[in-house]
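Numbering (the UniProt record's numbering), first residue to last: 1 to 649. Ideal placement from N, C-alpha and C gives every residue a C-beta, glycine not left out. These numbers were taken from a predicted model, which means no experiment stands behind them. Okay, structure first, notes after.
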Ligand code: 6R9
């Protein structure tokens, strides 16, 4: 990283200490860091005791066959029992688990007692269809309560689920079903997105032409769309689940029993099946949900505005919140349907106290303007969270100011599908937040920033984020590919988990995430972070959102190419936008970071989890045929960008 870039970041000196009332009653205090560093294993054992174990473990961690970890060895546990039954048995059956809001405006309120009844019925249905402990079940659904019920029913009978994003194509679904050899698919006819029914069943039908091992498809009726039906294979959820008994006795499984496989893209074309198991995963999602959001189960209304088909949904819509007996909000649709204030209307309506979402959403709201959230009463909010990408300081401050009313801490939470739960994050009652920094590893987590040779970097320097000790919710392997697990995560720096993210430590020793290392550019021998240049661009009053890529350049190796979306409300009449922004970047970071090209676009290509697909932008910047676009939310975005560019000099 260039010294200019570093000194620029060190200029970020705004600090937001915890509100005193929050700090006073905070679930976690600074003592937790000391306690955990004195005895990390004992700390996690204490957290594991938050759960119900049918039999306690003999050994907390078995790392003798590293990097294959076993946590809470010998313990017996059932994830669904922990998320549902034990709360009902404790007299909380009437407590609301989900306030569900459909995109068209229909609503459902689901209590823990409702959830228990539905999960038992679904578990009985799966058993009737021959699903046994260890069999895989694929779930391809919109954001409806049945998705949660389906996941918990699988967990209850020990059948690992693999949830495939509703936005994924038939071929993506086929690859995932084939890779984990799922025998049953749970799907819906469709879901609502952008004000219209969006079909799902046709993709299932198409995928299954190449998945002969799938015996049955259970179909939830959500939209009532016309669908094709394969007799003998397809079954309606309301036929096969509704008639079942609402009693089901859960079996307790080994702590290391597989809970789910979640596919995520790797550097090759073949997606990686991240395997999570039960005891360690549930321990860490439950603890982090309680600690990082300062969750008060009796009074908070929690909302993770993400899709369940993404790991954030698994850990912080389903398993973490339910393990903590939380009341959550769940929303089916897009933020601008039927109007751009939909999220804020939901916060206002349900008096949401904790909101967790992605920086890309925040930047979109910035683009739409602060007068939209200003029309709603957001005073119930007390903690805001961010996940999925580095949050640039401008977005952080906007979020805190215009959504959080200048009161709420913002927790920038770093983690991955692989890590299962949040690992690096501020604690809202302890940490003085710095806009843009994920700050420090949570208690019980050992992380470091290292240079190319794997040595710890001093404060004030950049490098790679690594984890130096195993943690309970870590992935156990890649489904069916132990060697790829070792190669991808444990070979770059022997004995350390390589996250694939660039990071730096500031003068205080706090951690800043700088984006994937494949997003780190090398311009004339200077290492530049895409995130840093994006932040600089977004700090200009004309810019709403920016994506930066390194395009191959004959002289400099790589050159910086920036795609920007302008704010709707600024007057650009007579302004040479590109020149203005290039100078701005030069001023903020240094002349070396000046984009070679600045392209003004209307939209950026994003995955359903909100990540900008820089790979595609690089294809455009380097004038290549586009690679795979199947994981885009909306693949027509790329056509728009091309058309747009054809019109620019
Ligand atoms: C939870 C999730 C993981 C990658 C990760 C990193 C990026 C996530 C971040 C962040 C900076 C944060 N990422 N949170 N970067 N600050 N707070 O997003 O999982 O979809 O597997 O993505 O996302 O690059 O390596 P996943």
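Closest in C-alpha terms to residue 466, from the list 500, 368, 435, 210, comes 500. Residue 307 has its alpha-carbon roughly 36 Å from the corresponding atom of residue 39.
Contact between residue 606 and residue 360 holds: CB atoms are separated by about 6 Å, below the 8 Å threshold. Closest in C-alpha terms to residue 509, from the list 458, 417, 568, 55, comes 458. Per DSSP, the continuous beta strand (DSSP E) segment holding residue 545 begins and ends at 543-553.
Annotation: residue 504 is outside any alpha helix (DSSP H); the continuous beta strand (DSSP E) that includes it extends over 497-505. For residue 479, there is no enclosing alpha helix (DSSP H), as DSSP marks it with neither H nor E. Residue 515 and residue 222 have their alpha carbons spaced roughly 38 Å apart. Taken in chain order, the unbroken stretches of beta strand (DSSP E) that lie wholly in the segment 293-353 and span 3 residues or more are 301-304, 327-331.
In the DSSP assignment, the residues bridged to residue 216 are 184. Of all alpha-carbon atoms in 542, 484, 531, the one lying nearest the alpha-carbon of residue 560 is that of 531.
Uninterrupted beta strand (DSSP E) stretches at least 3 residues long and entirely within the segment 398-439 occur at 410-413, given in chain order. Straight across, the Cα-Cα distance linking residue 294 with residue 286 is about 12 Å. Around the beta carbon of residue 328, 16 or more other beta carbons sit within 10 angstroms, so the residue counts as buried.
Under the three-state reduction of DSSP output, residue 359 falls in the helix class. Residue burial annotation: residue 570 is exposed, with fewer than 16 other C-beta atoms found within 10 angstroms of its C-beta. Annotation for residue 97: the continuous beta strand (DSSP E) segment containing it runs 96-101. Contact check for residue 322 against residue 354 fails: the beta carbons are separated by 9 Å or more.
With a contact defined as Cβ atoms closer than 8 Å, residue 391 and residue 371 miss out at about 22 Å. Between residue 424 and residue 511, the gap from beta carbon to beta carbon is short of 9 Å. Straight through space, the alpha carbons of residue 118 and residue 254 are spaced by roughly 24 Å.
Residue 289 sits away from residue 420, with the two beta carbons spaced by 9 Å or more. Per the coordinates, the alpha-carbon of residue 234 lies some 13 Å from the alpha-carbon of residue 126. Taking C-beta atoms under 8 Å as the contact rule, residue 16 and residue 441 fail to qualify, at a distance of about 20 Å. Around ligand 1, the residues whose beta-carbon falls short of 7 Å from at least one of its heavy atoms are 264, 310, 311, 312, 386, 387, 388, 389, 390, 391, 412, 413, 414, 415, 416, 417, 418, 438, 499, 500, 501, 513, 515, 516, 609, 611, given in chain order. The criterion of a C-beta distance shorter than 9 Å is not satisfied by residue 437 and residue 463.
Between residue 346 and residue 73, the alpha-carbon positions lie close to 43 Å from each other.
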